[in-house]
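Numbering (the working numbering), first residue to last: 45 to 201.
Worksheet: the structure to be examined is printed underneath.
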């Protein structure tokens with residue numbers, strides 16, 4: 045996950061955005077409503093991650109209406125769906141998202157599935173366009189403070 049924020053996003057580690065990356069246990073493993081999936085190759089090297097938690101998008105930095113539409117507790121937020129470049133285009137991310145969706149459905153308390161993505165992340169926009177619906181594209185819809193990310197809802201009922 046740190047490789048992605050440094051090498052793909054170019055932001056490096058930003059505590060207010062990436063605290064879950066350095067403390068995944070606290071964010072994904074202590075609550076029964078959260079989970080973190082990790083895929084490893086035959087050499088036990090991490091090749092992909094995918095996580096889910098019950099925190100909706102915060103305002104700020106996200107638009108107020110978006111935080112209202114996807115409230116914490118009722119929203120399963122997909123996070124950290126990252127696949128190493130040499131393992132992309134093999135269906136791994138799609139399979140992991142399927143597992144997260146099954147986890148959310150089994151929880152029984154989620155009303156919506158939400159995520160946001162950096163449109164510069166290779167392959168991300170294509171994947172989410174196939175699996176979800178754009179609810180806000182900050183590159184076009186937000187002025188004065190948007191992060192340039194694209195927000196999606198994943199249909200699941």
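Idealized CB from N, CA, C, for every residue including glycine.
Quick check on residue i: does DSSP put it in helix, strand or coil?
i	result
residue 131	helix
residue 103	coil
residue 86	coil
residue 169	helix
residue 164	coil
residue 184	helix
residue 174	helix
residue 93	strand
residue 79	strand
Quick check on this structure: which residue in the options has the alpha carbon closest to the alpha carbon of residue i?
i	options	result
residue 96	183, 48, 126 and 56	126
residue 91	200, 151, 134 and 169	134
residue 47	160, 117 and 124	124
residue 153	116, 56 and 175	116
residue 192	83, 107 and 86	107
residue 100	184, 181 and 160	160
residue 128	176, 121, 82 and 104	82
residue 148	111, 45 and 75	75
Have a look at residue i and residue j and give me their C-alpha separation to the nearest angstrom.
i	j	result
residue 199	residue 141	12 angstroms
residue 113	residue 156	9 angstroms
residue 55	residue 151	33 angstroms
residue 80	residue 137	13 angstroms
residue 194	residue 172	10 angstroms
residue 98	residue 122	9 angstroms
residue 183	residue 70	32 angstroms
residue 61	residue 86	31 angstroms
residue 77	residue 65	18 angstroms
residue 196	residue 63	22 angstroms
residue 139	residue 132	12 angstroms
When we look at the beta-carbon of residue i and count the other beta-carbons within 10 Å, is it buried (16 or more) or exposed?
i	result
residue 109	exposed
residue 167	exposed
residue 84	exposed
residue 57	exposed
residue 103	exposed
residue 175	buried
residue 144	buried
residue 67	exposed
residue 120	buried
residue 93	buried
Going by DSSP, what residue range makes up the alpha helix (DSSP H) through residue i?
i	result
residue 141	136-151
residue 64	59-66
residue 110	108-113
Could you check where the beta strand (DSSP E) with residue i kicks off and where it finishes?
i	result
residue 178	177-181
residue 193	Segment: none, residue 193 is in no beta strand (DSSP E) and carries neither H nor E.
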